[in-house]
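Visitor: Below is one structure. I have some questions about it.
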Amino acid sequence: MMGANTTIREADPGLLAERLRQDLCSHLQPGELICIPTGRSPERFYTALAEDQTSIDLWRQLRFLQLDEYIAPPAGTISFRETLQQKVYDPLGVPTEQIHTIDSTANPAQEVERLELLVARLGPPRTAILGLGSNGHIAFNEPCDHPLPGYHAVSLSQETLNDNFSDAVPDQLQAITIGLDLLKASRRIYLLVPQATKSQILDRCLQGPYDPQIPGTCLHDHPDLHIYRS
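If you want it as structure tokens, here you go:
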């Protein structure tokens, strides 16, 4: 197994994504619970997964837990649930019963309660693949003074909204996200940051110490952390 805080550097996003895919396939175990991110960072990773037929049986045996999701997003917004279905689950042929999603149309409080009961039954993810926001957020854990544990609702920052919406940026939007505590409880974490523009915030996260105003700093002392960066 790669040592803790291993860093893979590759300027080509496609090659970086393929290296991540290869490393995952070397260490994932059938039946384990895994989280996969959404957003721009993992787009090449989705492609690498869809094009690989040699490990498709392994991916079909995994269980998937969704990291985060918008609550009642603007009309025309493709949900993260739909993105993962179209770009990961359908191409790989993952059985529906192995996919645990977040319902963006449900009552937020009730959906959070359902997700908390789900995690109590399944346990935290064994493997978490994460991206990093330009403000240091992971999943949708935004900068704050007192992070909430478990799944919870959060108001997205203006910086995150600007990053995620190229047209018609909403004035405000909430989301449901997995908590930092559950991510840190993952046995193994893979952090995918292909954008050179995020090098400074990534370095700050890896250096520590933990600062809730830079949520990604919570990962700096994780015992099995692997970074994939440009």
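With the numbering used here applied, the sequence shown covers 1211 to 1440. Glycine is no exception: its CB is placed at the ideal position from the N, C-alpha and C atoms.
(1) So what's A1330 in DSSP terms, helix, strand or just coil?
(2) By how many angstroms is the C-alpha of T1427 removed from the C-alpha of H1209?
(3) If you draw a straight line from the alpha carbon of M1211 to that of A1258, how long is it in whole angstroms?
(4) Closest to G1224 by CA distance: which of H1237, R1254, D1262 and T1248 is it?
(5) Which of the three DSSP states, helix, strand or coil, is assigned to A1282?
(6) Looking at the unbroken alpha helix (DSSP H) that takes in L1390, where does it start and where does it end?
(7) Buried or exposed: which applies to A1385, given that a residue is buried once 16 or more other Cβ atoms fall within 10 Å of its Cβ?
(8) Could you check which residue in T1248, R1229 and L1234 has the C-alpha nearest to that of G1343?
(9) Following the continuous beta strand (DSSP E) through Y1438, name the residue where it begins and the one where it ends.
(10) Hey, could you find the ends of the alpha helix (DSSP H) Y1420 is sitting in?
(11) Could you pull the DSSP bridge partners for Y1400 from this structure?
(12) What residue from Q1410, I1388 and R1398 has the CA that sits closest to Q1276's CA?
(13) Which same chain residues end up closer than 8 Å to G1303 when comparing Cβ atoms and leaving out the 5 residues on each side of it in sequence?
(14) By Cβ distance below 7 Å, which residues in the same chain neighbour G1213 in space, the five residues on each side in sequence not counted?
(15) Does the distance from the C-beta atom of L1366 to that of L1383 stay below 7 Å?
(16) Would you call the CB atoms of I1309 and F1274 closer than 7 Å?
(17) Just to confirm, is the Cβ distance from P1318 to A1260 under 7 Å?
(18) So who's on the other strand from F1274, going by DSSP bridges?
(19) Apply the 10 Å Cβ neighbour rule to P1170 and answer buried if 16 or more other Cβ atoms are within range, or exposed otherwise.
Guide: Taking the definition as stated:
(1) Against the sequence shown, residue 1330 aligns to sequence position 120. In the three-state DSSP reduction, A1330 falls in the helix class (H, G or I).
(2) Shown here, the chain extends from 1211 to 1440; a query on residue 1209 therefore has no answer.
(3) Along the sequence shown, one-based indexing puts residue 1211 at 1. Along the sequence shown, one-based indexing puts residue 1258 at 48. Bear in mind that a pLDDT of 39 at M1211, under 50, signals an unreliable position, so the number given afterwards is only what the model happens to contain. When rounded, the distance between both Cα atoms is 22 Å.
(4) The count along the sequence shown starts at 1 and reaches residue 1224 at position 14. Here the closest residue by C-alpha is R1254.
(5) Within the sequence shown, the letter at position 72 stands for residue 1282. Here A1282 sits in coil by DSSP.
(6) For the purposes of this step, residue 1390 is taken as the residue at position 180 of the sequence shown. Note, L1390: alpha helix (DSSP H), L1390 to K1394.
(7) Taking the sequence shown and counting its residues from 1, one reaches residue 1385 at position 175. Residue burial annotation: A1385 is buried, with at least 16 other C-beta atoms found within 10 angstroms of its C-beta.
(8) In the sequence shown, counting from the first residue as 1, residue 1343 sits at position 133. Nearest option by C-alpha distance: T1248.
(9) Position 228 of the sequence shown, counting from 1, holds the residue named residue 1438. L1435 to R1439 is the span of the beta strand (DSSP E), which, as asked, contains Y1438.
(10) Position 210 of the sequence shown, counted from the first residue, corresponds to residue 1420. Looking at the DSSP string, Y1420 is not in any alpha helix (DSSP H), and its letter there is neither H nor E.
(11) Locating residue 1400 in the sequence shown gives position 190, counting from the first residue. Per DSSP, I1339 and H1436.
(12) Position 66 of the sequence shown holds residue 1276. With distances taken between Cα atoms, Q1276 lies closest to I1388.
(13) Counted from its first residue, the sequence shown places residue 1303 at position 93. These residues qualify, in order along the chain: I1266 and R1270.
(14) In the sequence shown, residue 1213 corresponds to position 3, counting from 1. Note that G1213 has pLDDT 43, beneath the 50 cutoff, so the model's placement of it is unreliable and no number is given.
(15) For the purposes of this step, residue 1366 is taken as residue 156 along the sequence shown, with counting starting at 1. For the purposes of this step, residue 1383 is taken as residue 173 along the sequence shown, with counting starting at 1. It is a contact, given that the beta carbons lie within the stated cut-off.
(16) Within the sequence shown, the letter at position 99 stands for residue 1309. Within the sequence shown, the letter at position 64 stands for residue 1274. Closer than 7 Å, so yes.
(17) The sequence position of residue 1318 within the sequence shown is 108, counting from 1. The sequence position of residue 1260 within the sequence shown is 50, counting from 1. No. Outside cutoff.
(18) Counting from 1 along the sequence shown, the entry for residue 1274 is found at position 64. DSSP, once it has assigned bridges, lists I1244 and I1309 as partnering F1274.
(19) Any answer about residue 1170 is impossible in this case: the structure gives the chain only from 1211 up to 1440.
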